[in-house]
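Colleague:
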Ligand code: PGA
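Residue numbers (this note's numbering): 14 to 258.
Take a look at the structure:
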């Protein structure tokens, strides 16, 4: 399967900076799919500037409802209309900052699928959970609770992001990443059948040009979800070029 390198721009940058960064990525990288997820107000301009390129555009969240009295929220259909094809859901920063639980992520993922967006559902343990030996059971529970029926056939994507590795410069060992990805693959295949063998499993959490090649070469790692390093075009492209050929 073609690897996906996805950039999560979080709450960074002006509109002008977002468009400039997108333009610097237009050329893309051979043999890899690229995706950038700007903040809501920048999605449309970034999508326009990437028209005709091989770089797709996504959002970082959506509401579970199709419309209604939800001040400050954005629906999946609005994101689609603005030019997004993907949406990150259940990122640990949303789970923490906004109290999103698995049921909320499930409802949002259903809404994304209903609007024709490809959901990227994030799972990952905290440091305390890892130290307690609970990493596998935590991600399995999150997966079971936040991934709906129809996810695999719609091309849904899972991102394994250990909470303690996000923005910290620390990553799990290569064997630890491979072990969790194997757990996720097994759980998906058990639930959805053999078609889940082609579900993309991304690793996220302090992916940088220097560690990308080793991480992306691991079995069942089909790409990366990149935060900090996705804000620098040269770093993001270096990570994309680190995908084993
Ligand atoms: P990071 O963020 O690459 O800055 O660790 C990853 C993420 O939160 O998706």
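Backbone N, C-alpha and C define an ideal beta-carbon position, used for all residues, glycine too.
If residue 229 and residue 255 are in contact, beta carbons under 8 Å, what's the gap, nearest whole angstrom?
Modeller: Right, the Cβ-Cβ distance comes to about 6 Å (below 8 Å), so this counts as a contact.
Colleague: By DSSP's criteria, residue 99 is part of a beta bridge. Which residues make up the other side?
Modeller: Answer is 71, 131, bridged to residue 99.
Colleague: In three-state DSSP terms, what is residue 47?
Modeller: Three-state result, residue 47: strand.
Colleague: For residue 96 and residue 47, I'd like the C-alpha separation in whole angstroms.
Modeller: Those two C-alpha atoms are separated by around 15 Å.
Colleague: Rounding to the nearest angstrom, what Cα-Cα distance links residue 174 and residue 80 in this structure?
Modeller: Going from the Cα of residue 174 to the Cα of residue 80 covers about 30 Å.
Colleague: Looking at the unbroken beta strand (DSSP E) that takes in residue 158, where does it start and where does it end?
Modeller: Careful: residue 158 lies outside any beta strand (DSSP E), inside the alpha helix (DSSP H) at 148-159.
Colleague: Looking only at C-alpha atoms, which of 161, 196, 181, 72 sits nearest to residue 104?
Modeller: It is 72 whose Cα lies nearest to the Cα of residue 104.
Colleague: Under a three-way DSSP split, which group does residue 56 fall into?
Modeller: Helix at residue 56.
Colleague: Quick one: what's got a C-beta closer than 7 Å to residue 197's C-beta in the same chain, skipping five residues either side?
Modeller: These residues qualify, in order along the chain: 152, 156, 171, 173, 214.
Colleague: What does the alpha-carbon distance come out to for the pair residue 40 and residue 20?
Modeller: In a straight line, the C-alpha of residue 40 is about 15 Å away from that of residue 20.
Colleague: Look up residue 239 in the DSSP assignment and say whether it is helix, strand or coil.
Modeller: Here residue 239 sits in strand by DSSP.
Colleague: Would you say residue 140 touches the ligand PGA, meaning its beta carbon is less than 7 Å from a heavy atom?
Modeller: No, Cβ of residue 140 sits at least 7 Å from all heavy atoms of the ligand PGA.
Colleague: Run through the DSSP bridge pairs and tell me what residue 215 is partnered with.
Modeller: 172.
Colleague: Any contact between the segment 114-131 and the segment 157-167? By contact I mean 3 or more CB pairs, one from each, below 8 Å.
Modeller: Yes, they touch.
Colleague: I need the straight-line Cα distance from residue 251 to residue 36, nearest angstrom please.
Modeller: Going by the C-alpha atoms only, they are around 16 Å apart.
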